[in-house]
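In what follows, a structure is listed as structure tokens, so that the remarks can point back to it.
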Amino acid sequence: MRHRFAFLTTFITILALMLGNLVVATNSGDACGTTYPQCNGQWIPDFTINVAIEYSHRVFTMFLGFFILINSILAWRRRYPGEKSVKILAPLTSFFLLLQAATGGVNVVLSSPPGFTTLDVNNSLLLLVSLVFLAVALKRYPINELEPQHIEERRKLKIISTPSLIVFLLLFFEIILGAFFKHSRASKISFGQEPDKLLFASPLIADTIYMFHTIMAVVVVVYAFWFLFYALKAQMLVIPAMIVMVLVILNGVIGMLAHYMDLANWSSSLHMFTSIVTLAVISYILAKAYLGFHYLIPKQK
């Protein structure tokens, strides 16, 4: 029951990230002014499209916050003897929730300074990853001793643990780099658009950031193939590995489309959407690889 609620909370978090991405894509971040959590100093503001998008995001994230806190409490209460991962992950999700909320509040008060929203994205992704890990940890079952099938399972998971970690880290860095490219307004400089706020004015820096983001996208695809090879070799989590492979290729295609469309709002939003879903799937694989499908109850002394 608790692991189902944890997966539901993770799904709602993904929706919140999508809504936050819509806020950025439609330039609605400043629509509610610098009052938080109110909108333009009101609980029921005068609605425009941008105000509706920004305010709905604020309300939805507050709603999500209650879900995450309840999820953390339920997970903490479900701890089995000797089960350490839930004991760590349950409060960690609450910590990342508070960190993300504080960052979002500062971002509003400072009126979205160039580049600062990248920190908000980073904390949101860390929250998502921690929720995925907690959901996987809650789904595990306890055993008293290692049997042959469990030993073989752990051996296979060990084969894919390092490749999945590398793909995760590369993808995470690629997403953050892409977010910084957009939120620092480097994208507007690179595509010859007039930025409303500037973190830097150098086209060389903007183009360099985009070049590294493109290189990282290619590297992620290469290592996703490498990870799929190891998953097939171990015959472990093959379907999720294939899903990751398809998603990183799709994300690369959408990224090229976004570049061709000069980062039009809908194309950049779709690019971020596929990035978030891909990160959620690879986080699930990584959690399975390192946490396993069960945990060993220590023998009583």
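According to my numbering, the stretch in the sequence shown is residues 73 to 373, in order. We put the beta carbon where it would ideally sit given N, CA and C, even for glycine.
What does a CB cutoff of less than 7 Å around Ala-207 pick up in its chain, not counting 5 residues either side in sequence?
Along the sequence shown, read from residue 1 onward, the residue named residue 207 stands at position 135. For Ala-207, where only same-chain residues beyond five positions count, the Cβ hits under 7 Å are His-75, Ala-78, Phe-79 and Thr-82.
Report the start-end ranges of each alpha helix (DSSP H) in the stretch 315-363 that is 4 residues or longer and not cut off at the edges.
337-363
Counting along the chain, where does the alpha helix (DSSP H) carrying Ile-248 start and finish?
Within the sequence shown, numbered from 1, the residue matching residue 248 stands at position 176. Taken as a continuous stretch (DSSP letters only), the alpha helix (DSSP H) holding Ile-248 covers 220-255.
Going along the chain, which residues of its own chain have a beta-carbon closer than 7 Å to the beta-carbon of Met-288, five neighbours each way excluded?
In the sequence shown, counting from the first residue as 1, residue 288 sits at position 216. Around Met-288: Leu-242, Phe-245, Glu-246 and Leu-249.
Is the stretch 191-201 close to the stretch 336-355, with three or more CB pairs under 8 Å?
yes
Mind reading off the beta-carbon distance from Gly-364 to Leu-237? Whole number of angstroms is fine, and I expect it under 8 Å.
If you number the sequence shown from 1, residue 364 lands on position 292. If you number the sequence shown from 1, residue 237 lands on position 165. Wrong, their Cβ atoms sit about 15 Å apart, outside the cutoff.
Would you mind working out which of Ile-311, Ala-251 and Ala-209 sits nearest Glu-155, comparing C-alpha positions?
As a position in the sequence shown, residue 155 is number 83, starting the count at 1. Considering only alpha carbons, the answer is Ala-209.
Measure the C-alpha to C-alpha separation of Met-333 and Val-290 and round it to an integer number of angstroms.
Position 261 of the sequence shown holds residue 333. Position 218 of the sequence shown holds residue 290. Cα-Cα distance, rounded: 20 Å.
So, is Glu-219 buried or exposed, given that buried needs 16 or more other C-beta atoms within 10 angstroms?
In the sequence shown, residue 219 corresponds to position 147, counting from 1. Exposed, since its Cβ has fewer than 16 Cβ neighbours within 10 Å.
Would a C-beta distance cut-off of 9 Å place Ile-357 and Ile-232 closer than the cut-off?
As a working mapping, residue 357 is identified with position 285 in the sequence shown. As a working mapping, residue 232 is identified with position 160 in the sequence shown. Yes, these two residues count as a Cβ contact at 9 Å.
Whole-angstrom Cβ separation of Val-33 and Ile-354, contact assumed at under 8 Å?
There is simply no residue 33 to check, as the chain begins at 73 and stops at 373 in what is shown.
Span of the beta strand (DSSP E) holding Leu-368?
The sequence position of residue 368 within the sequence shown is 296, counting from 1. Taken as a continuous stretch (DSSP letters only), the beta strand (DSSP E) holding Leu-368 covers 366-368.
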